[in-house]
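Asks: Just so we're aligned: 96 in full-length UniProt numbering is position 96 of the sequence shown, and the numbers increase by one with no gaps anywhere.
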Amino acid sequence: MDTETEFNTSMSTTTDACDLCGCLRDNTSPQYTAEEFNQIIQQLHDTPEHLPMGVRQHPGAIDLGGENDREKVKMLQEECDALRARLKGTERDLEELERAYNVKSVLLSCLSDGWLQPAERHGGAYVHHSRRLVQIRDQLASPQTQFPSLIVFLGNRKKDVALRALFPDNTLSQRQPYIQLDVDSRTTFADHPLLFSHCDAKLEFHKTDRIPRDYEEIPLRWPLIDLHHASDIILSRAMFMFTDVICIFADDLGGLDAVRNMLTRWAMVGRNASSLEYRPRVLIVMETDHKHPTYETLDEMDFFFMLAQDRNVTEVFVTPSLHRLPGQALSDIAQHCSLKNDLLKLTDISRRDRKEEGYLFSVMHMAFFFQTALDHVCRAPQAPFDFVRGARAGIEVGQSHRFHLRDFLVVTRDRGWKLEDQASHIASTLLIDAYPPGSHFFSPAAVFDTLYRHHCQEALLSAELSSCCQPIEYHFARLRSRLLFGKGPPRRIHEEGLARRRGLFRMIATSHTCLLCLSHPPQHPLPCGHAYCDICAAWYGSPVEGAEYEYSVRRCALCQMSTDILVRVLPPTASVRAITIDGGGVRAIMPLRFLGYMQKILGPGCLVQDMVDVAFGTSGGGIAVLKAFRQRRPISECQQTLADLIVRFFQGHPSPRTTWNKLIQTIRCWWKDGWYDASLWDELLQKEFGVDQGMFDVQPVSGTKVAVTAVADQPVLLINYRRVVDPPGQRCLDDAMQTTGVAPLAHSGGYYRVYTAPDPEHEPQLWKCGRATTAAPGLLPPIEIPGVGSCADGGLKHNNPALICRAETPFMWASNPVPGTLISLGTGKAGRQRRRRWPRGFALRLYDSFLASMDAEQAWEDLLGQVDPANRRNYHRLNVTFPDQEPLLNAAAQVEWMTELADKTAVMQVPRALTSLLLASFFFELSSPPCYNDGIYQCCGAIRCRLRGKDLVQVLRQLHPQASTFVLGTCPLGISPFQDAVCSDCARYCVPVKFEVDGLDSNILLSLELYPHQLQLLGGFPSSLRHLVDRLRINMIGCPGLPRLPARTECKSCELRIHRKARPDFEDSSYKKRVRFI
1 MDTETEFNTS MSTTTDACDL CGCLRDNTSP QYTAEEFNQI IQQLHDTPEH
51 LPMGVRQHPG AIDLGGENDR EKVKMLQEEC DALRARLKGT ERDLEELERA
101 YNVKSVLLSC LSDGWLQPAE RHGGAYVHHS RRLVQIRDQL ASPQTQFPSL
151 IVFLGNRKKD VALRALFPDN TLSQRQPYIQ LDVDSRTTFA DHPLLFSHCD
201 AKLEFHKTDR IPRDYEEIPL RWPLIDLHHA SDIILSRAMF MFTDVICIFA
251 DDLGGLDAVR NMLTRWAMVG RNASSLEYRP RVLIVMETDH KHPTYETLDE
301 MDFFFMLAQD RNVTEVFVTP SLHRLPGQAL SDIAQHCSLK NDLLKLTDIS
351 RRDRKEEGYL FSVMHMAFFF QTALDHVCRA PQAPFDFVRG ARAGIEVGQS
401 HRFHLRDFLV VTRDRGWKLE DQASHIASTL LIDAYPPGSH FFSPAAVFDT
451 LYRHHCQEAL LSAELSSCCQ PIEYHFARLR SRLLFGKGPP RRIHEEGLAR
501 RRGLFRMIAT SHTCLLCLSH PPQHPLPCGH AYCDICAAWY GSPVEGAEYE
551 YSVRRCALCQ MSTDILVRVL PPTASVRAIT IDGGGVRAIM PLRFLGYMQK
601 ILGPGCLVQD MVDVAFGTSG GGIAVLKAFR QRRPISECQQ TLADLIVRFF
651 QGHPSPRTTW NKLIQTIRCW WKDGWYDASL WDELLQKEFG VDQGMFDVQP
701 VSGTKVAVTA VADQPVLLIN YRRVVDPPGQ RCLDDAMQTT GVAPLAHSGG
751 YYRVYTAPDP EHEPQLWKCG RATTAAPGLL PPIEIPGVGS CADGGLKHNN
801 PALICRAETP FMWASNPVPG TLISLGTGKA GRQRRRRWPR GFALRLYDSF
851 LASMDAEQAW EDLLGQVDPA NRRNYHRLNV TFPDQEPLLN AAAQVEWMTE
901 LADKTAVMQV PRALTSLLLA SFFFELSSPP CYNDGIYQCC GAIRCRLRGK
951 DLVQVLRQLH PQASTFVLGT CPLGISPFQD AVCSDCARYC VPVKFEVDGL
1001 DSNILLSLEL YPHQLQLLGG FPSSLRHLVD RLRINMIGCP GLPRLPARTE
1051 CKSCELRIHR KARPDFEDSS YKKRVRFI
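1) Given a threshold of 16 other Cβ atoms within 10 Å of its Cβ, counted over all protein chains shown, does S562 qualify as buried or as exposed?
2) Could you spell out where the beta strand (DSSP E) holding T821 opens and where it closes?
3) Helix, strand or coil for H454, going by three-state DSSP, please let me know.
4) Answer with buried or exposed for K418, where buried requires no fewer than 16 other C-beta atoms within 10 angstroms of its C-beta.
5) Grouping DSSP H, G and I as helix and E and B as strand, with all else coil, what is W115?
6) Would you mind working out which of P381, A423, F408, V245 sits nearest K345, comparing C-alpha positions?
7) Among the residues of its own chain, which have a CB less than 7 Å from the CB of T288, if the five just before and after it don't count?
8) Is L220 helix, strand or coil by DSSP?
9) Out of curiosity, what's the CA-to-CA distance linking L526 and V698?
10) Bridge partners for N1003 per DSSP, in chain order?
11) Considering S636, what are the terminal residues of the alpha helix (DSSP H) in which it resides?
12) Counting Cβ pairs closer than 8 Å, one from the segment 768–783 and one from the segment 614–627, do we hit at least three?
13) For the segment 594–610 and the segment 629–641, state whether three or more C-beta atom pairs, one from each stretch, are separated by less than 8 Å.
14) With which residues is A391 paired in a DSSP beta bridge?
15) Ordered along the chain, which non-local residues of its own chain (more than five positions away) have a Cβ less than 6 Å from that of P801?
16) Please classify L405 as buried or exposed, where buried requires at least 16 other C-beta atoms within 10 Å of its C-beta.
17) Would you identify the three-state DSSP class for A615, choosing helix, strand or coil?
18) Determine the contact status of D1012 and S964, defining contact as a CB-CB distance below 9 Å.
19) Please state whether DSSP places C528 in a helix, a strand or coil.
20) Determine the DSSP secondary structure at V316, reduced to helix, strand or coil.
21) Going by other Cβ atoms of all chains shown within 10 Å of its Cβ, with 16 needed for buried, is R402 buried or exposed?
22) By DSSP, does E808 sit in helix, in strand, or in coil?
23) Considering only the alpha carbon of each residue, which of N799, Q135, V569 lies closest to E857?
24) Who are I719's beta bridge partners in DSSP?
25) Counting along the chain, where does the beta strand (DSSP E) carrying P992 start and finish?
26) Please state if the CB of L766 and the CB of F689 are separated by a distance shorter than 9 Å.
27) Quick check on DSSP: helix, strand or coil for I1058?
28) Can you grab the Cα-Cα spacing for the pair R806 / P223, in whole Å?
29) Give me the DSSP bridge partner(s) of I936.
30) Would the beta-carbon of I233 fall within 9 Å of that of V377?
31) Whole angstroms are fine: how far does the CA of E78 sit from the CA of C18?
32) Assuming L780 and W681 are in contact, meaning their beta carbons sit under 8 Å apart, how far apart are those beta carbons, in whole angstroms?
33) How far does the beta strand (DSSP E) with L139 in it extend, from its first residue to its last?
34) Assuming E120 contacts K202 under a Cβ cut-off of 8 Å, what Cβ separation, rounded to an integer in Å, is found between them?
35) Pop quiz: Y752 and Q714 are said to be a contact at Cβ under 8 Å. What is the actual Cβ separation, rounded to whole angstroms?
36) In the DSSP assignment, find the unbroken alpha helix (DSSP H) run with I493 in it and report its ends.
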C-alpha cells in the first residue's frame, strides 16, 4: 500500500472526510511520523498533483522527537508553503485554460454546423449565411456525382433526442437559436448523401452587434411586417425548395393545432415560391398516448380534415403523414427506429420525383442554387425563383436573339433550306447556350419554355413562316438526349451538325448574324464570305502561342473552306484603348508623324496597331485611320502614301493664275459643287484601297474597331464592325426591319447614326468611305452611298471625332465599356486669333459660329467635361500649335514644314501618351474563385498584358527605367514589373498577385509606381471584385458556370507560379490592409 493510500485509510478511521474535496469535517489534525512526513514532502517535490488533501491542510501535524528535527521540519514547511503557492497559481492557470478551451470547443462545434441565422443588427434585418453547403460539398467524395436528400427537423427537446438516436455517429452540437446543417456521416461516400437540418420550432431573429466569423451577411431588402413573418419567408421560400422531408415534432410545438397553424402560415407565404413543380413531404411526429387512444384518433381526424380544407396547404405540401412513437420503455435508438424507416422511405420517393422532373441536384449544384435562391428571396420574396434563369448567373437571352434567328430564317428560306434543316441548326445552337459543360441538365421542356420559346415564335412570325416551334423543340429535346447518353459535349454535337450541312452553308452569307451561334452579330469576316463573332472566333479558332486572346482561324467551321486570318478579342477585364484623328485636309500628315514617333519608340517588334482597340477618323484623319488601322499598313508607309496622295492630287489641279481663270474656276465650283474635280481623287483612292474591298470585309488581323465620320442629313458613322449592344431606347428599328430584315440606320443617342448594310453585296467600298469622309464642302462634291444618301466631309459636324468615339464605344462590346485610354491626335491649332479689319456684323457672327462647330479644341474640352476626374489622366491630346494661323486645307506646299513642326512636338508629347497606352495594355485575371474567410475575400490571380512580354518590358524599361513595383491601393507589393515578369516557357507576361478585399463592391486600385510616389493605374482599374467575377464568369460557390473563352495556350510554368500563391495562408484578418505576394 502506497503512502497516499495509507494516509487516506488512517484518515477515514478517525475522522469523517468530505466526499466532494476530501477535507476534514472537524478541526482535528491527523498525526504523522517524521518518516511519513518526509515521504510526503518528497512526493510533493516529485509529483505535487498527487499530494493528499489532508497534508495540504495540516502539514505540521507530525510527532517530532528532537530540536534538529523541528528545525528541519520548519525549513521543509517553508518550502512546502512556497510550493503550495506555486501549485495554486498553476492550478488557477490550468483551470482558466481549460475553461477557455471548453468555451472555444463549444463555439467551434456550434459554428461547424451553423447554416442560417436570422439577425437584427443596427435597426435592420439580415440573414447570416455560413455557406455550410459549400463546406459539406468539400467534405464529400465526389460532389459532382452525389445527389443528396435533405430532411428538416423542427422542434425542441424531443427533436434533439430524436437526432441523437437517428444519427448516432454524428457529433451533434447543442441546440442553437438558428438553423443548423450536417450530413449523416454514414452516407458521406454514398451516391445519395443524407443531409439533415434542424432548428427550434420558433425560428427567431437574433440581436447582435457584429457578423459572426465565417458568416456572410445578406440584408433583407423588403419591408418587414414582423420578424416572425420574415422567418416564415426564409423557411418556406428558400429552404423548403431544396427539402425532401419536413419532420415536425408536434409535442414540442404544443400539439396538432399548433402544427396546423404553422403549416397554414407557411403555405400562405410559400405559394409560387419557385418554378419547380415540386412539393416537399411533411412528417409529423408524436408520442403515443395509451391512456386516451380515442382522443388521439379524433384529434388526427380533425387535423387532417382541417388541412384538407386549405388549398394553399395542398398546393405547397404533399399531404402530411403522422408517425406515432412507441410509448413503451425502449432505448432512444429502438424507439426511433420506425421513424428512421419512414423518413428514408419518404426521401426515396421524393428523390424519385425530383429525378423524373429534372430537379435532382448534385451537391455541387445544390450549393450554388441555394445561394442564388437565398439572395433572390432576400431581395424580392414575392417573385418566384426561376431555377433555369438562376443557373445562368444573371446572363439573360438578349432581345437581339430573335432578330438573329429571324435573319437566319430569312436567308435560309430564300436559299431553299428545308424547315427540318433550319430547326435542327437552331436547336443545335440553343443546346450550346442551354447546357454548358458542368451545368445541371434541366428538362428540355422547362429550358425551352423559359428561355427560347418566345424568341423562336417571334422570329418565325416575322419571317412569315409558321409560328409553331414544335420542330425546333423536338430537335432540342433529341439533342439533349444525346447529352444524357454521353455523346457530348454540346459543342461536339453542334460541330457534327455543321459538318452534315456544310453544303447548305456554302450557299448563304449574312453580315448581321454569326451563323455559328445565331446569338451575336459577326465581327470578323472570312475569305469564304462567312463571319464570326468574338466568342465563336475564340472557340473555333486556335490560341496563338505567346499571345493573349489572339486566335488563328485556319478553316471555316460552316463551309469547311480554308482560311488564314488572325483574330484579336478584347479580354473581359481589359480596358479599351482608343485613338482618334482630327480632320484638317493636308494637315492630316501631322498625326501620322505622332504615330511614327510612337512606332520609333516601340521598335519593329511591336506595332502601334497592336496597342489600339478603337480608331476613329474624320476627313484627312479618316484616310489615315483607314490606311493604318483598317488595312494595318506600316506607319511609315501610311505617311508616304498620304504625302503621295496630296502631291499627286494637287499636281493634277494646279491653282489658276489669272483672274479670268479664277472666275471660271469659281463658276465651275458653283456648278459642280466643288473647287476640284472629284474624278482624280476617286481614282487615287481606288488605287490605294481597291475597287471591290468593302468596309466590313476580310482583314489580315481582325479585331480593331474602325470608323470614319461623314455627314448626310446628320452625322453618320461608316464602320467595319457590328454593334453588339443595343440598350432599350438606343436602337431604332423601322418597319423595313420587320418586313425585310434591313436596319439601314441604327440611331444612337439622336445626334449621329450608324450605317449597317442590309447584306454583303451592299456593303460600302473602302474607297467610298474614304471619299465620303474627305468630301470637304467647297473643295470636293459629296458622294452618294446607297442606303445613306449624299455624304460630305464629317468634319462639318465632328472635326474632332473623340466625343463621338466615346459615345459609340459602349455599343461595341457586351460589357458597355468606355475608353479607358483615349489619344486624340490633332491637326494643329492657331497660335493667335485672327484680327478683324472691319466691324463684326451678323454675317461674321454666322461665320464664326460655323467655324466654332468645327473647333476641335473646344470639342476636346467638352469631352473632358464628361470624363471622371480620376480617368482624365489617361485622356491625352497631342497637337501642334502653329506660330500664326492654321494652314489651309489644301496647303500642299507647306506639308514639309508641318512635318518638321510635328516631329518637334512629338518628342515632348508622345512619351506620356504612350505610357498610358502601355499601362492600358495590362489586365488582371483571377485564377480561381475568391475564398470567403473570416469576413473577407481572399483573391489570387495574375497581371497579364496583351503585348508580347519581351517587347513590353523593353519599351517600359526604356520609358520608365525607375519603375519599381506594382501597388495595390497604397500598399507596395514589392513585385518588379521587369524581373521574372516574362515566362521563360511561353514568353507571355505573367505576374502572380494575391490580395484581400473586405467586400464584393470594395474599390480595387492596382497601379504601377513609375517614379517614387508617382503611381499610374493599370488597364481595367479602378474596379471591384464583383466586376471581375462577373466579367470572368466565375462562380463564387465554385460551381461550373457559363464557359470562359480559351484565353491562351496552356503553360504549366505560368499555372504553377500562379497557383503557388493560392495555397499559402493569409495574414491575420484583424489587420485592415492585408497584401500577400511572392
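We treat Cβ as the ideally placed atom computed from N, Cα and C, and that holds for glycine. Here the structure is a predicted model, which means the values were calculated and not measured.
Replies: Checking against the coordinates, here is how it stands:
1) Here residue 562 corresponds to residue number 562 of the sequence shown, with the count starting at 1. So S562 ends up on the exposed side.
2) Translated into the one-based positions of the sequence shown, residue 821 becomes position 821. Run containing T821: 819–825, per the beta strand (DSSP E) assignment.
3) Translated into the one-based positions of the sequence shown, residue 454 becomes position 454. H454 falls in the helix class under three-state DSSP.
4) Here the question's residue 418 lines up with position 418 in the sequence shown. So K418 ends up on the exposed side.
5) Your numbering for residue 115 matches position 115 in the sequence shown. In this structure, W115 counts as strand in the three-state DSSP scheme.
6) Position 345 of the sequence shown holds residue 345. Per the Cα distances, V245.
7) Translated into positions along the sequence shown, residue 288 becomes position 288. Here the set comprises R324, L325, P326, G327.
8) In the sequence shown, counting from the first residue as 1, residue 220 sits at position 220. Three-state DSSP puts L220 in coil, outside helix and strand.
9) Here residue 526 corresponds to residue number 526 of the sequence shown, with the count starting at 1. Here residue 698 corresponds to residue number 698 of the sequence shown, with the count starting at 1. In a straight line, the C-alpha of L526 is about 6 Å away from that of V698.
10) The residue labelled residue 1003 in the question sits at position 1003 within the sequence shown. DSSP, once it has assigned bridges, lists S1024 as partnering N1003.
11) Your numbering for residue 636 matches position 636 in the sequence shown. Residues 635–651.
12) yes
13) yes
14) Translated into the one-based positions of the sequence shown, residue 391 becomes position 391. Answer by DSSP bridge pairing: none, since A391 is not bridged.
15) Locating residue 801 in the sequence shown gives position 801, counting from the first residue. Once the five neighbours on either side are set aside, the close Cβ partners of P801 are T580, F616, T618, T709.
16) Taking the sequence shown and counting its residues from 1, one reaches residue 405 at position 405. It counts as buried.
17) To locate residue 615, count along the sequence shown from 1; it is residue 615. A615: strand per DSSP, three-state reduction.
18) In the sequence shown, residue 1012 corresponds to position 1012, counting from 1. In the sequence shown, residue 964 corresponds to position 964, counting from 1. Rather than Asp, the amino acid found at residue 1012 in this sequence is Pro. It is a contact, given that the beta carbons lie within the stated cut-off.
19) For the purposes of this step, residue 528 is taken as the residue at position 528 of the sequence shown. DSSP places C528 in coil when its eight states are reduced to three.
20) Here residue 316 refers to the residue found at position 316 of the sequence shown. Correct three-state label for V316: helix.
21) Against the sequence shown, residue 402 aligns to sequence position 402. That one is buried.
22) Mapped onto the sequence shown, residue 808 falls at position 808. Reduced to three states, the DSSP call for E808 is helix.
23) Your numbering for residue 857 matches position 857 in the sequence shown. E857 has its Cα closest to that of N799, out of N799, Q135, V569.
24) Here the question's residue 719 lines up with position 719 in the sequence shown. BP columns for I719 point to A707.
25) As a position in the sequence shown, residue 992 is number 992, starting the count at 1. Its beta strand (DSSP E) spans residues 990–997.
26) Taking the sequence shown and counting its residues from 1, one reaches residue 689 at position 689. Taking the sequence shown and counting its residues from 1, one reaches residue 766 at position 766. Their beta carbons are under 9 Å apart, which means F689 touches L766 by this criterion.
27) Numbered from 1 along the sequence shown, position 1058 holds the residue referred to as residue 1058. Helix, per DSSP.
28) The residue labelled residue 806 in the question sits at position 806 within the sequence shown. The residue labelled residue 223 in the question sits at position 223 within the sequence shown. Those two C-alpha atoms are separated by around 41 Å.
29) Walking along the sequence shown from the start, residue 936 turns up at place 936. The partner list for I936 (beta bridge, DSSP) reads N933.
30) Stepping through the sequence shown from its first residue, residue 233 is reached at position 233. Stepping through the sequence shown from its first residue, residue 377 is reached at position 377. Yes, Cβ-Cβ distance for I233 and V377 is below 9 Å.
31) Counting from 1 along the sequence shown, the entry for residue 18 is found at position 18. Counting from 1 along the sequence shown, the entry for residue 78 is found at position 78. With a pLDDT of 42 at C18, under the threshold of 50, the predicted position of this residue should be treated as unreliable, though the coordinate-derived value follows. Spanning the two alpha carbons is a distance of roughly 27 Å.
32) Residue 780 sits at position 780 when you count from the first residue of the sequence shown. Residue 681 sits at position 681 when you count from the first residue of the sequence shown. L780 to W681, Cβ: 6 Å. Contact.
33) Reading the sequence shown from its first residue, position 139 is the one you call residue 139. Correcting the residue type first, residue 139 is Gln in the shown sequence and not Leu. Run containing Q139: none in the beta strand (DSSP E); it sits in the alpha helix (DSSP H), 132–139.
34) Sequence index remark: in the sequence shown, residue 120 carries index 120 (1-based). Sequence index remark: in the sequence shown, residue 202 carries index 202 (1-based). In fact, because the Cβ distance is near 15 Å, the residues do not count as touching under 8 Å.
35) Your numbering for residue 752 matches position 752 in the sequence shown. Your numbering for residue 714 matches position 714 in the sequence shown. Sure, about 7 Å apart at Cβ, within 8 Å.
36) Start at 1 with the first residue of the sequence shown, and residue 493 comes out as number 493. From DSSP, the alpha helix (DSSP H) with I493 extends over 490–500.
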